[in-house]
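852 is the number of the first residue of the sequence shown in our numbering; add one for each residue after it.
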Amino acid sequence: LNLYGLGFAFMVVMIETKWKPFYKHFPGFKNWAARGLFLIFIGILSLGLVGGSDLFDDPDVRQTFRDVREILAYCIFGIGMIYLVGEILCIRRKLKNVKRKYVEDGTVFESSLV
């Protein structure tokens, strides 16, 4: 499972640096919603693995390591949520502009649109 984590981390680095050969093979990650869902998946996967490893003998160091891993997992999850909400708000803004266009043309009344 740690090997998958390394692969996902490498993918996140390629996504965030906007490396063109990566986007050639994975064009779906140009969309914020896909990025957000991928980061949310990684965050949830990381939260599930927080307590799974005991790399350190000292209990204080072990607890600190778990806390740091948990904080980083929540950060990844939060960044994924920001991407997802950003995509939703952009779509909402575009729909609002389309609605305004039809209202200005007189084709549709504003009260008839949801």
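We treat Cβ as the ideally placed atom computed from N, Cα and C, and that holds for glycine. In this text, all values refer to a predicted model and were calculated from it rather than measured experimentally.
request  = Return the CA-CA distance between G856 and N948, expressed in angstroms with no decimal places.
outcome  = Counted from its first residue, the sequence shown places residue 856 at position 5. Counted from its first residue, the sequence shown places residue 948 at position 97. Looking at the two C-alpha atoms, the distance is approximately 41 Å.
key: Nearest candidate by alpha-carbon position, reference L898, set E938, V954, I933 and C926   = Counting from one through the sequence shown, the residue named residue 898 turns up at place 47. Residue C926 is the option with its Cα nearest to L898.
key: Rounded C-alpha distance that separates D956 from L946   = Counting from 1 along the sequence shown, the entry for residue 956 is found at position 105. Counting from 1 along the sequence shown, the entry for residue 946 is found at position 95. Each residue's Cα considered, the two are about 15 Å apart.
message = Whole angstroms are fine: how far does the CA of F916 sit from the CA of D908?
response = Numbered from 1 along the sequence shown, position 57 holds the residue referred to as residue 908. Numbered from 1 along the sequence shown, position 65 holds the residue referred to as residue 916. About 12 Å.
message = With the cut-off set at 9 Å, would you say I930 and L890 are in Cβ contact?
response = Taking the first residue of the sequence shown as position 1, residue 930 is located at position 79. Taking the first residue of the sequence shown as position 1, residue 890 is located at position 39. In contact: I930 and L890 (Cβ atoms closer than 9 Å).
Buried or exposed by the 16-neighbour rule on C-beta atoms within 10 Å, applied to F861 = Numbered from its first residue, the sequence shown carries residue 861 at position 10. Using a 10 angstroms sphere on the CB of F861, the tally of other CB atoms stays under 16, which defines it as exposed.
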